[in-house]
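For reference, the structure is listed below as structure tokens.
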Amino acid sequence: MSIEIERKFLVDEHKLPALGKGKTICQGYIPTQNNSTVRIRIQDEDAFLTIKGPSKGISRSEFEYAIPLAHAKALLEELCSDNTIQKKRYEIPHEGLVWELDIFAGTNAGLIVAEVELESEHQAFNKPSWVGKEVSGDFRYANSSLIDAPYSTW
2 MSIEIERKFL VDEHKLPALG KGKTICQGYI PTQNNSTVRI RIQDEDAFLT IKGPSKGISR
62 SEFEYAIPLA HAKALLEELC SDNTIQKKRY EIPHEGLVWE LDIFAGTNAG LIVAEVELES
122 EHQAFNKPSW VGKEVSGDFR YANSSLIDAP YSTW
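For the sequence shown, the numbering used here begins at 2 and goes up steadily by one.
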């Protein structure tokens, strides 16, 4: 079992460095119970099934498996809600960590967030200058929440 320890922040887009080539992501969620999530993700030409347990602070169990692209497309179409998350992801190294910058599109256009995965909940790190307010505890910013309550409706 893997544990995901992640912190999420808003971004000042005017301070961002030049972005390299990003990855196009489309993802949807299969309805679950008990605050767990089952995500189907297509990232460029790769596909993944990810199961995440309930959050405990900024930590949660995570299981991720590569799946055939055709299976991911069928799962998105048949089992996920009508809405999907559309975004472009960039990986930006900073002081020994890799920050994942997501620029959302579609009904979540205008939202830009950065996430960093840590080894422990108490790991110290320095934020890049373009990282702003922390939103790790604000469930509205969870991708699974953005399906039902898109950023454009706030």
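Each residue gets a CB set at the ideal place from its N, CA and C atoms; glycine is no exception.
- DSSP, read as helix, strand or coil, puts residue 121 in coil.
- Residue burial is scored here from C-beta neighbours: residue 69 has fewer than 16 other C-beta atoms within 10 angstroms and is therefore classed as exposed.
- At the C-beta level, residue 86 and residue 14 stay beyond 8 Å of one another.
- In the DSSP annotation of this structure, the continuous segment of the beta strand (DSSP E) that includes residue 47 starts and ends at 47 to 53.
- In the three-state reduction of the DSSP assignment, residue 83 falls in the coil class.
- Within the model, the alpha-carbon separation for residue 23 versus residue 104 is close to 10 Å.
- In the DSSP assignment, residue 11 falls outside any alpha helix (DSSP H) and within the unbroken beta strand (DSSP E) covering 3 to 12.
- Cβ-Cβ distances below 6 Å link residue 63 to 3, 5 and 53 in the same chain, with the five nearest sequence neighbours on each side left out; the list follows chain order.
- Burial state of residue 19 is exposed, judged by a 10 Å Cβ sphere holding fewer than 16 other Cβ atoms.
- For residue 112, there is no enclosing beta strand (DSSP E), since its DSSP letter is neither H nor E.
- Excluding its 5 nearest sequence neighbours in each direction, residue 76 has C-beta neighbours in its own chain below 6 Å: 41, listed in chain order.
- If you draw a straight line from the Cα of residue 94 to the Cα of residue 100, it comes to about 6 Å.
- The C-alpha of residue 46 lies about 16 Å from the C-alpha of residue 91.
- Between residue 98 and residue 126, the C-beta spacing is below 8 Å.
- In this structure, residue 16 keeps its C-beta atom at 8 Å or more from the C-beta atom of residue 121.
- In this structure, the beta-carbon distance from residue 9 to residue 137 falls below 8 Å.
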